[in-house]
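The sequence shown begins at 18 in the working numbering and counts up by one.
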Amino acid sequence: MQALPTVSEPTSITEAAEILRSGARVSIERDGGDVVLSTRGLNQVLEHEPGDLTAIVEAGIRLSELRERLAAHGQMFALDPPGDPTIGACLAGDLSGPRRHRYGAMRDLVIGVTVVLADGTVASSGGKVVKNVAGYDLAKLFSGSAGRLGLIARVALRLHPLPAASRTVVASVTEPAAFWSQLVTSPLEPVAVDLLAPGRAALLFEGSERAVADQVASAPGNEGDPAIWAEVLERQAGSSPIPFTFEAPLVRPGPGLAFGDGAARPWSPLAERVRAALDPEGVLV
């Protein structure tokens, strides 16, 4: 009978580094290793600078708790993936939701990161301010790494003010590509866009009361139930944000509309070379 893996929940970066130096094969937040390393014990808000719109948090804090803490200061972390993942999972998976259209994915909202490599080395890059460019950009390197490069321990985040108003418009769509082309060349500035089957599009506008009212008045379609975004997130659950399809949320596909099959992005040969360089002993599984 195969022995069950040991689940370890370090409460500090030092403890996490010791686990990775132990010689055991380690998997992060999933089965596969002799030791399953969980960030459940790394769940604190370490710093919050409301004036700078930044925060440093441990990787195990969940989005719901972070949102509650920030809302008390009139601020938000503008990421809305399905479910209630941890911040570490958001970066390891490069998660996003409908607000990606305006704010980007997780990789676009991170200004610094502290990671623990497979040999126990603790490495940091970035800083506490949005324009900090010190060191290698480990946040981008670890974005989408799925725990194969090391443990994401701390993340410095870019925040945004909570909007004063939020309204949703639902429009009829017969030709999605033409609709998207017209939308991105118009003065409209939706925070989120989603194409809904059959033949509808939801547009979310946020900002000041007056600005939102003007945008809603100029948008195609009629004002709809804002609860539609909860349905969007439920539908997005379990699907990869990239590539985009018309059956999955259409969120920030860039200058050209991308058609895809919804499959997960493969682990590239270059990514494997990086993994081998950071973990030559194959500690992480």
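All C-beta atoms in this analysis are idealised placements derived from N, C-alpha and C, irrespective of residue type, glycine included.
When you compare only the Cα positions, how much space is there between residue i and residue j?
i      : j      : result
Gly241 : Ser162 : 38 Å
Phe159 : Pro99  : 21 Å
Arg165 : Leu301 : 6 Å
Glu82  : Leu174 : 15 Å
Leu108 : Glu248 : 23 Å
Leu80  : Ala34  : 25 Å
Asp51  : Thr131 : 24 Å
Ala106 : Asp125 : 15 Å
Glu75  : Glu223 : 29 Å
Leu134 : Arg252 : 35 Å
Val2   : Thr56  : No statement about residue 2 is possible, as the shown extent of the chain runs from 18 to 302 and does not include it.
Gly273 : Val210 : Bear in mind that the predicted position of Gly273 carries a pLDDT of just 31, short of 50, making it unreliable; the figure below should be weighed with that in mind. Whole-angstrom Cα-Cα distance: 15 Å.
Arg119 : Ser183 : 14 Å
Ala181 : Arg227 : 10 Å
Check whether the Cβ atoms of residue i and residue j sit closer than 9 Å, and answer yes or no.
i      : j      : result
Ile36  : Leu59  : no
Arg91  : Leu179 : Residue identity check: residue 91 is Gly in the sequence provided, not Arg. Result yes, Cβ atoms of Gly91 and Leu179 sit closer than 9 Å.
Leu205 : Pro115 : no
Val53  : Glu46  : yes
Gly216 : Ser189 : yes
On the criterion of 16 or more Cβ atoms from any shown chain inside 10 Å, does residue i qualify as buried, or is it exposed?
i      : result
Asp97  : buried
Tyr153 : exposed
Ala88  : exposed
Gly77  : buried
Gly143 : buried
Trp197 : buried
Thr23  : exposed
For the candidate residues the options, whose alpha-carbon lies nearest to that of residue i?
i      : options                           : result
Met123 : Gly91, Gly137, Leu134 and Val172  : Val172
Ser203 : Leu21, Ser55, Ala236 and Ile169   : Ala236
Thr191 : His65, Ala218 and Asn239          : Ala218
Thr103 : Ala140, Ile169, Ala288 and Leu200 : Ile169
Gly299 : Arg42, Val291 and Ile128          : Arg42
Arg117 : Val208, Gln199 and Ile73          : Val208
Ser113 : Gln199, Gly129 and Ala95          : Ala95
Ala244 : Thr185, Ala294, Leu200 and Glu289 : Thr185
His177 : Ala234, Gly110, Asp69 and Ala195  : Asp69
Going by DSSP, name the residue or residues bridged to residue i.
i      : result
Val52  : Thr23 and Val43
Thr185 : Leu221
Met93  : His177
Using a Cβ-Cβ distance cut-off of 9 Å, determine whether residue i contacts chain C.
i     : result
Ile30 : The structure shown has no chain C; it contains just one protein chain.
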